[in-house]
Amino acid sequence: LAKTTQPISMDSYEGQEVNITCSHNNIATNDYITWYQQFPSQGPRFIIQGYKTKVTNEVASLFIPADRKSSTLSLPRVSLSDTAVYYCLVGDGSSGGYQKVTFGTGTKLQVIP
Amino acid sequence: DSGVTQTPKHLITATGQRVTLRCSPRSGDLSVYWYQQSLDQGLQFLIQYYNGEERAKGNILERFSAQQFPDLHSELNLSSLELGDSALYFCASSVGQGEVNTEAFFGQGTRLTVV
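Chains as they are written, first to last, in the working numbering: chain A, -17 to 95; chain B, 143 to 257.
Pasting the structure below:
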């Protein structure tokens, strides 16, 4: 299973774009990259998922370079309500999924007014 | 609202006691997962059930057990509780058997405090 490495914490001012990078050097061919968001005392919430290139939805963008050894979650114009922990997960559907993925400690994003 | 319901939201109990945490998955989801999140720690996978059968086991202690009933709700039983068992316990559900390329929906968690 691909191990992921992300910064422990980040600070950003309101209104700025935030980019959180996740490193996954031994990602496998079948692996997808998924990001979750967790607010204090709440369960994680799915944000975005991708396999390669760029994926965008209403809340975030996910950039994946051609070698797929890293990925970047981009949050446009963050607000105070984006203060949360962000988890990068890597795994596939063929060799077990959520039960084998380690959520780790994630990146704690603090948005400053 | 994720559609996953966990009860109770908070639980305070003494060491040595036994508690049961309950989870109702989203309608149509067949997989239920249990996770433990201690203070400043990531989510640790405990166990997964799929359509009533145990599918995978993680770092679940022998004092802990779980089951999934025919109506697909699940219960996590924690016995001989120790202070170190104090944590947030999350339940998640998904439609499939756990593929990461599908979305898992998490409940709000049960905060267990052992005193």
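We put the beta carbon where it would ideally sit given N, CA and C, even for glycine.
As the structure is a prediction and not an experimental result, all values here were calculated from the model.
C-beta contact flag for glutamine 19 (chain A) and alanine 66 (chain A) at 7 Å: yes
Per-residue DSSP class, three states only, for serine -9 (chain A): strand
Proximity below 7 Å, CB of isoleucine 2 (chain A) to CB of arginine 50 (chain A): no
Element boundaries [beta strand (DSSP E), containing valine 174 (chain B)]: 173 to 179
7 Å Cβ cutoff, phenylalanine 248 (chain B) in contact with chain A: yes
Chain A contact residues for leucine 225 (chain B), given Cβ-Cβ distances below 9 Å: Result: empty, since nearest Cβ-Cβ is about 20 Å, beyond 9 Å.
Exposure label - glutamate 224 (chain B); buried when at least 16 CB within 10 Å: Looking at its Cβ environment, which holds fewer than 16 other Cβ atoms inside 10 Å, glutamate 224 (chain B) is exposed.
Segment contact flag, the region 183 to 194 of chain B with the region 144 to 154 of chain B, C-beta cutoff 8 Å, min 3 pairs: no
Cβ neighbours of serine 222 (chain B) in the same chain (closer than 7 Å, five flanking residues each side left out): Gly158, Arg205
Backbone secondary structure at leucine 185 (chain B) - three-state DSSP: coil
Per-residue contacts from glutamine 183 (chain B) into chain A (C-beta, under 9 Å): The contacting residues are Thr87.
Limits of the beta strand (DSSP E) - the one that valine 37 (chain A) falls within: 35 to 38
Neighbour flag for phenylalanine 206 (chain B) against chain A, beta carbons, 7 Å: no
Leucine 153 (chain B), enclosing beta strand (DSSP E) - first and last residue: 152 to 155
Cβ neighbours of serine 77 (chain A) in the same chain (closer than 6 Å, five flanking residues each side left out): Low local confidence applies: a pLDDT of 47 at serine 77 (chain A) is under 50, so the model's placement there is unreliable, and no value is given.
Contact set between glycine 251 (chain B) and chain A, taken where Cβ atoms lie within less than 8 Å: Ser23, Gln24, Gly25
CB contact flag (leucine 254 (chain B), leucine 153 (chain B), <7 Å): yes
7 Å Cβ cut-off: residues of chain A touching phenylalanine 232 (chain B): Gly25
Completely contained beta strand (DSSP E) runs for the region -5 to 50 of chain A, where each covers 3 or more residues: 0 to 5, 14 to 20, 27 to 32, 35 to 38, 43 to 46
Beta-carbon proximity of serine 228 (chain B) to valine 174 (chain B), cut-off 7 Å: no
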